[in-house]
Amino acid sequence: MKKSQIRPDYPERSDDPLHEVNMEVNGELITRNVSPRILLADFIRHHLGLTGTHVGCEHGVCGCCTVIIDGRAARSCLTFAVQADGSKIRTVESLAQDDGSLHPLQEAFKESHALQCGFCTPGFLMSIVSQLEETEGEIDLSEDGIRVMLSGNLCRCTGYQNIVKAVQSAAKRMYKTN
Ligand code: FES
Ligand code: FES
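All the letters of the sequence shown, read from the start, carry residue numbers 2 to 179 under my numbering.
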C-alpha cells in the first residue's frame with residue numbers, strides 16, 4: 002500500500018454548518034467535516050494537503066484541477082466536496098509509486114519533454130489516464146485523436162506537440178499498441 006500523503010486533519014474555518022464527508026482518496030478512506038460551500042479542489046489541496054492538483058481559472062475552462070472521480074475525469078473546481086461524498090477519487094499523487102517509479106504516462110511526459118513550467122501537467126495527466134484506462138487503450142491514438150483527448154486542458158507553454166508524442170508513447174507502453 003502507498004504511504005499516506007494525506008494531511009491528518011485541518012481545522013474548518015467556516016461558520017457554516019458542517020457536513021461529514023466520506024471518500025476514498027488515492028486508495029485511502031477518509032472522513033472529514035466540511036462546509037457545504039468548499040470546492041473539491043480546495044478540499045483536496047487545503048484539507049488533505051494534496052497540492053499536486055492545481056487551480057488555474059477556477060471556472061471549468063483550463064483543466065488544471067482535473068481529478069478522477071469514480072473512474073471519470075472531472076473538474077474539481079466545479080464540484081463541491083460534499084458532492085463527492087461516497088466517491089472514489091484519484092489525484093495526481095496516486096500515479097507514482099512510493100519507490101519513486103513513475104506511471105508510464107509520467108515517464109513518457111518526462112522523456113518527450115512534454116512540460117515546461119508544469120502548472121498544467123497534473124490536469125493533463127489525470128485527464129489522459131482516465132481516458133486511456135476507461136477505453137483500455139481502444140481510443141483514436143492518431144495525432145488528431147489525441148488532440149481531441151487533450152481538448153479539455155490548456156497549456157500555455159509547450160505548444161502541445163510533445164504532449165501528443167508523450168500520449169502516443171505512453172499508450173504503446175500501456176497497451177502495446179503500434
Ligand atoms: S481550475 Fe478548474 S478548470 Fe481551471
Ligand atoms: S507546461 Fe506550462 S502551462 Fe503547460
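Using N, Cα and C, we set each Cβ at its ideal position, and we do this for glycine too.
Collapsed DSSP secondary structure at ARG76 in the structure displayed: Translated into the one-based positions of the sequence shown, residue 76 becomes position 75. Looking at ARG76 - three-state DSSP - the assignment turns out to be strand.
Where ILE31 sits in the DSSP three-state scheme: The residue you call residue 31 lines up with position 30 of the sequence shown. If DSSP states are grouped into helix, strand and coil, ILE31 belongs with the strands.
N-terminal and C-terminal residue of the alpha helix (DSSP H) that LYS89 is part of: Translated into the one-based positions of the sequence shown, residue 89 becomes position 88. No alpha helix (DSSP H) contains LYS89, which is instead part of the beta strand (DSSP E) from 89–91.
PHE81, DSSP secondary structure in three states: Counting from one through the sequence shown, the residue named residue 81 turns up at place 80. Strand.
Distance cut-off 7 Å: GLN162 Cβ against heavy atoms of ligand 2: Sequence index remark: in the sequence shown, residue 162 carries index 161 (1-based). No; taking the cut-off as 7 Å, the Cβ of GLN162 has no heavy atom of ligand 2 nearer than that.
Close-in-space but distant-in-sequence residues of the same chain around GLU21 (CB under 6 Å, 5 per side omitted): Position 20 of the sequence shown, counting from 1, holds the residue named residue 21. Cβ within range, chain order: ASN34.
Residues whose Cβ lies closer than 7 Å to any heavy atom of ligand 2, in chain order: LEU116, GLN117, CYS118, GLY119, PHE120, CYS121, THR122, CYS156, ARG157, CYS158 and THR159
Those residues, in chain order, that have a beta-carbon closer than 7 Å to some heavy atom of ligand 3: Although ligand 3 was asked about, the structure shown includes only ligand 1 and ligand 2 as ligands.
Status (buried if at least 16 other CB within 10 Å, exposed otherwise) for HIS60: The residue you call residue 60 lines up with position 59 of the sequence shown. By the neighbour-count rule (16 or more Cβ atoms within 10 Å), HIS60 is not buried but exposed.
Nonlocal neighbours in the same chain, by C-beta distance under 7 Å from GLU180, ignoring five residues either side: Summary: the structure shown does not reach residue 180, with the chain confined to residues 2 through 179, and so no result is reported for it.
For MET24: DSSP bridge partner residues: Taking the first residue of the sequence shown as position 1, residue 24 is located at position 23. DSSP, once it has assigned bridges, lists ILE31 as partnering MET24.
Proximity to LYS4 [Cα-Cα], best of VAL93, GLN98, SER88 and LEU79: Position 3 of the sequence shown, counting from 1, holds the residue named residue 4. Answer by Cα proximity: GLN98.
Separation of LYS177 from GLY57, as counted between CA atoms: Residue 57 sits at position 56 when you count from the first residue of the sequence shown. Residue 177 sits at position 176 when you count from the first residue of the sequence shown. Near 34 Å, if we compare the C-alpha coordinates of LYS177 and GLY57.
Beta-bridge pairing of VAL1 - partner residues as DSSP gives them: Since the displayed the chain opens at 2 and closes at 179, residue 1 lies outside it and no answer follows.
Residue from CYS63, SER128, PHE110 and VAL62 whose Cα sits closest to the Cα of ILE90: For the purposes of this step, residue 90 is identified with residue 89 of the sequence shown, where counting begins at 1. With distances taken between Cα atoms, ILE90 lies closest to SER128.
Own chain, CB closer than 8 Å to THR32, minus 5 neighbours either side, in chain order: Translated into positions along the sequence shown, residue 32 becomes position 31. Counting only Cβ-Cβ distances below 8 Å, and skipping sequence neighbours, we find GLU21, VAL22 and ASN23.
Residue environment, THR136, which counts as buried when at least 16 other CB atoms sit within 10 Å: In the sequence shown, counting from the first residue as 1, residue 136 sits at position 135. With a 10 Å radius around the Cβ and a threshold of 16 neighbouring Cβ atoms, THR136 comes out exposed.
Whole-angstrom distance between THR159 and ALA42, CA atom to CA atom: Reading the sequence shown from its first residue, position 41 is the one you call residue 42. Reading the sequence shown from its first residue, position 158 is the one you call residue 159. Those two C-alpha atoms are separated by around 24 Å.
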